[in-house]
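My numbering runs 1 ahead of the 1-based position in the sequence shown.
For glycine and all other residues, C-beta sits at the position ideal for the given N, C-alpha and C.
Small disclaimer: the values here were computed from a predicted structure and weren't measured.
Here the structure comes first, spelled out in structure tokens, and everything after it is commentary.
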Amino acid sequence: MSTFVFKSRSSNYTPVSNIFIDKFMPKARGEFVKVYLLGLKYCVSGELGVSSQIMAGVLHLLETDVVNAWNYWNEQNIIRMVAIDNMGNYNIEFLDLTDVPEDKGENINLLEELNKNSTKDMLQDIEKLLGRPLSSKEMTMYIGWLKDFDFSPEIILLLIQYCASKGKTDCRYIEKIAIAWFDSKIKTVDDAQSFIKKHEDKWVKIRKILNYLGIKDAEIMKPQEEMLDKWINSYGFPLELIFKACDICFQRINKADFKYIDGILGSWYKDKITTVEDVDKKDVKKANRTNNNSSSFKNNNYNKAANSTFNNFKHRDYDFDDLEKKLLGWDKND
């Protein structure tokens, strides 16, 4: 867990620079923008510092997303991030954006780029894949990937083809996939194809699990996606075993609870259970052990009770001849 200490002054509102909104916000990932704005709010409201855990909880993100966001804004030179110690704690200073140097590479001369045959051919192929003409904004975005992401035209075309095959031709969705590829350090067509296969295989399984639980994939949050990925890839569990954990969850609490299912699967992973048969064997052993313990407990209690009753009984000595005389009234004749 990291802690971020702000150099701030107290204020009841959060001023956001128009330079940030116009220049930096459009090209940044949504979670990075969230972290910047929340951090800015903490800074101007007088907070001395905040942990990555708290920020992640407020924004419904992972702690790694928070740390990655601060690193991103530091690289963009709109904050100054200085390590305090070796424990992952930092000083965060929000810089005056009017002093940020102009990025000359950001401005793209569209007419000049369209005169290049390779760029022109790439854009025409994209239009064919999307089935519509591109806006100047889209052209600028795709050309920008050649420089900003170091993508080749072949990689960009493969990316567009991948999105189109899923029926996703929206500019924002395509940009989101491009950022994911860049973050995954995709440099070649082979890298892209391997990423697609791995990603699609994962999502085919995720959709089957969500369908089993009666949940649409559009409704899950990133932490839930991380859990699903852990069950499939980190644990390497087959779908049948995950379905078994879902069944147990429903039997016990009558609803789909990711944390509960994660607890079951985490326990099985720890016990090296890899199949449904392993679960059944474990349940049989547990039932036999419970029955044996119960029988032993009952027998011990019975023996203790029997011994206790017999041993606590107070023995008396009787003169049976005298008792007989009393019962027959012979004692009166004496």
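Give the single residue among the options whose Cα lies nearest to the Cα of residue i.
i, options, result
"E94", "L49, E113, K138 and G58", "L49"
"Y213", "M142, T170 and I243", "I243"
"L62", "A181, E32 and V45", "E32"
"L131", "D171, S3 and S195", "D171"
"Y194", "K148, L160, Y37 and F238", "Here residue 194 turns out to be Gln, not Tyr, going by the sequence shown. Of the listed residues, the one whose Cα sits closest to Q194 is L160."
"I20", "N72, W71, N78 and I221", "N78"
"S119", "S18, I144, I80 and Q162", "I144"
"F259", "F152, S18, D230 and P154", "D230"
"T189", "I157, G47 and N234", "I157"
"E176", "R208, K138 and F196", "K138"
"W204", "I233, L39 and C164", "I233"
"P16", "V36, D23 and L41", "L41"
"S166", "M140, P154, I197 and K186", "I197"
"K209", "S153, P224 and P239", "P239"
"Y174", "S46, M142, I85 and Y236", "M142"
"Y236", "D263, D248 and D202", "D263"
"D1", "M123, D86, K129 and R81", "With the chain running from 2 to 335 in the structure shown, residue 1 is simply not present."
"Q162", "L124, L147, S185 and D202", "L124"
Should residue i be labelled buried (16 or more other beta-carbon atoms within 10 Å of its own) or exposed?
i, result
"E227", "exposed"
"E76", "exposed"
"Y91", "buried"
"G168", "exposed"
"M222", "exposed"
"E107", "With a pLDDT of 49 at E107, under the threshold of 50, the modelled position of that residue is not reliable, and no figure is offered here."
"K206", "buried"
"F311", "Note that F311 scores a pLDDT of 49, beneath 50, so its modelled location is shaky; the value from the coordinates is reported in the next line. Exposed."
"M140", "buried"
"V83", "exposed"
"V285", "exposed"
"D66", "buried"
"I127", "buried"
"I265", "buried"
"L211", "buried"
Give every residue of the same chain whose Cβ lies closer than 6 Å to the Cβ of residue i, excluding the five residues on either side of it in the sequence, and list them in chain order.
i, result
"D192", "none"
"K121", "L115"
"F183", "F150"
"A70", "F33 and V36"
Can you give me the start and stop residues for the alpha helix (DSSP H) that residue i sits inside?
i, result
"Y43", "G31 to V45"
"I55", "S53 to L60"
"N92", "Note, N92: premise wrong, no alpha helix (DSSP H); beta strand (DSSP E) at Y91 to F95."
"K138", "S137 to D149"
"V17", "No alpha helix (DSSP H) holds V17; DSSP gives it neither H nor E."
"I127", "N118 to L131"
"D66", "E64 to E76"
"E113", "L111 to L115"
Near residue i, which residues of its chain fall below 8 Å by C-beta distance, leaving aside the five closest residues on each side in sequence?
i, result
"F314", "Only weak support is given to the placement of F314: the predicted model assigns it a pLDDT of 49, under 50, and the value that follows is read from those uncertain coordinates. Excluding positions up to five away in sequence, the list is empty."
"D151", "K188"
Between which residues of its own chain and residue i is the CB-CB distance below 7 Å, once the five residues before and five after are set aside?
i, result
"E64", "M2, S53, Q54 and A57"
"K277", "As written in the sequence, residue 277 is Val, which differs from the Lys given in the question. Correct list, in chain order: E241, L242 and K245."
"K105", "Unreliable positioning characterises K105 in this predicted model, as indicated by a pLDDT of 44, which lies under 50. The coordinate reading is nonetheless provided below. Excluding positions up to five away in sequence, the list is empty."
"I216", "A257"
"R30", "I180"
"I68", "The amino acid at residue 68 is misidentified as Ile; the sequence shows Val. These residues qualify, in order along the chain: S3 and S53."
"Y261", "C250 and I254"
"K28", "none"
"C164", "T170, Y174, I175 and I178"
"L135", "L124, I127 and E128"
Residue i lies in the beta strand (DSSP E); which residues open and close that run?
i, result
"I80", "I80 to A84"
Margin query: My parser needs the alpha helix (DSSP H) runs of 4 or more residues fully inside the segment 223 to 286; what are they?
Written below: Restricted to the segment 223 to 286, the alpha helix (DSSP H) segments that are unbroken, complete and at least 4 residues in length are 223 to 230, 240 to 254 and 259 to 271, listed in chain order.
Notebook entry, point to check: At what residue ranges does the segment 154 to 195 contain a whole run of the alpha helix (DSSP H), taking only runs of 4 or more?
Noted result: Listed in chain order, the complete alpha helix (DSSP H) runs (minimum 4 residues) inside the segment 154 to 195 are 154 to 166 and 172 to 184.
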